[in-house]
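Sequential numbering from 32 applies to the sequence shown in our numbering.
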Amino acid sequence: SSKDSGKNKFSIFDSEMNRHQLRRMSLEKDLRKALAQSEFMVVYQPKWDSLMNVTVGLEALLRWRHPEHGIISPAEFIPIAEETGLIVPITYWMLHEVCSQNLLWHKEGVASVAVSINMSARMFETEDLYEVVVDALSRSGLDPQYLELEITESIAMNNMEETVAQLSKLRRLGVRVSLDDFGTGFSSLGNLDEIPVNTLKIDQVFIRKSKMHSKKAIISNIIAIASNLNMEVVAEGVETPEQIELLQSLGCRVMQGYYYGRPMPVHELGQWFTDNAAVV
Ligand code: C2E
Ligand code: MG
Ligand code: MG
Ligand code: MG
């Protein structure tokens with residue numbers, strides 16, 4: 032009967048909702064054990080100086096090797112980690128892992144470049160971010176100038192006073208700071224000069240559509256703002272020679288993207304640095 036089919040439609044909708052929620056719930060449960068079970072790994076993507084043709088930095092990106100589902104994208108698990116607060120211990124682990132690994136590359140003479148770590152808003156709500164960073168640096172022995180924190184505009188703009196205070200302390204230590212996904216956060220440009228950052232990272236949406244005059248104009252203006260505020264600029268998501276040529280013509284030389292290198296596990300980076308003369 033029609034009554035039955037209506038009920039069936041509802042059940043199908045219901046079961047899809049459930050499937051989504053069940054995956055979410057089971058991932059959340061598994062995420063709580065993932066650190067203890069060593070399921071996280073860090074991959075590193077090069078930042079490339081396109082004029083000198085050298086690697087000038089790396090971005091550390093988190094990967095979760097789930098025992099049943101395989102590699103799970105940060106796009107799926109970072110929001111869960113943020114909602115549950117698990118992002119805090121995960122970021123502590125990242126900081127220690129990345130600082131120790133970077134010191135190893137220095138000691139082995141493999142490379143001396145800054146490695147950046149993405150910071151969630153949650154990390155700025157934790158009062159002791161400064162202490163945690165200092166602890167990771169001193170335990171590893173890494174010089175602070177080789178650590179960079181990537182934050183988004185929304186973090187910097189919400190609770191600006193507190194964020195600026197924490198970032199200023201870190202900057203005084205020598206830690207570098209960059210504004211990630213710049214241009215997508217609806218930030219008020221009027222405050223940009225008050226945030227203590229070294230680098231603006233132009234979001235990949237602008238690079239992807241850089242053939243459009245309007246996007247080109249935005250890229251060009253981000254580069255001008257960075258230059259006028261004495262900040263460096265990095266273009267994200269660079270995939271084609273055309274994009275590189277355009278970015279260079281606009282005065283951007285440091286780039287990150289699949290064209291130059293995908294995020295790589297530690298064991299591939301030794302070879303990478305051998306093939307791609309790093310600054311040592
Ligand atoms: P993000 O910080 O903006 O990182 C850039 C993302 O773009 C990375 O995705 C990277 O793999 C990808 N990408 C780089 N070059 C290209 C390219 O040429 N083309 C395309 N299509 N994509 C490119 P990934 O690793 O999946 O990370 C996604 C986001 O998850 C990151 O965006 C970051 O916001 C977040 N994330 C990753 N690791 C961490 C972490 O340890 N902590 C926190 N809080 N967030 C993280
Ligand atoms: Mg980033
Ligand atoms: Mg980004
Ligand atoms: Mg992004």
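Cβ atoms here follow ideal geometry from the backbone N, Cα and C, with glycine treated the same way.
For a test of the three-state rule: what should DSSP assign to residue i, helix, strand or coil?
i    : result
N307 : coil
D45  : helix
H244 : helix
E225 : helix
N149 : strand
R293 : coil
G301 : helix
V285 : strand
S199 : helix
E158 : coil
E270 : coil
E139 : coil
D174 : coil
M191 : helix
When every heavy atom of ligand 1 is checked, does at least one fall within less than 7 Å of the C-beta of residue i?
i    : result
T115 : no
Y289 : yes
T157 : no
M295 : no
S104 : yes
L93  : yes
M72  : no
E107 : no
M125 : yes
E270 : yes
Under 6 Å Cβ to Cβ from residue i, same chain only, skipping five residues before and after it: list those, please.
i    : result
S32  : Unreliable positioning characterises S32 in this predicted model, as indicated by a pLDDT of 45, which lies under 50. A coordinate reading is not provided.
L173 : C130, N133 and L134
A167 : L126, H127 and C130
T215 : D234
V154 : Reading off the sequence shown, one finds Met at residue 154, where the question assumed Val. Correct list, in chain order: T122 and L160.
K246 : F237 and K240
Got a sec? Which residues, its chain only, sit under 7 Å from residue i by beta carbon, not counting five neighbours each side?
i    : result
G23  : The structure shown does not extend to residue 23, since the chain is modelled only from 32 through 311, so no value can be given for it.
I250 : I233, F237, S241 and L281
D224 : L260
T271 : Y290
Per DSSP, residue i is paired with what?
i    : result
E263 : T230
R96  : I102
P77  : L89
S209 : E181 and T230
F71  : W95
Taking 7 Å as the cut-off, is the CB of residue i close to at least one heavy atom of ligand 3?
i    : result
E267 : yes
K232 : yes
D306 : no
D212 : yes
If you drop the 5 nearest sequence neighbours on each side, which residues of the same chain put their C-beta closer than 8 Å to that of residue i?
i    : result
N189 : A152
V311 : In this predicted model, V311 has a pLDDT of only 47, less than 50, meaning its place in the structure is not dependable; the value taken from the coordinates is given anyway. Taken in chain order, the residues that qualify are G140, V141, A142 and S143.
W303 : P77, T86, G292 and M295
Under 7 Å from any heavy atom of ligand 2, does the C-beta of residue i make it?
i    : result
N149 : yes
E181 : yes
E90  : yes
- [ ] Report yes or no: do the segment 203-211 and the segment 175-190 share at least 3 C-beta pairs separated by less than 8 Å?
- [x] yes
Open item on the list: Counting beta carbon pairs with one atom in the segment 98-107 and one in the segment 78-87, are three or more of them shorter than 8 Å?
Closed with: no
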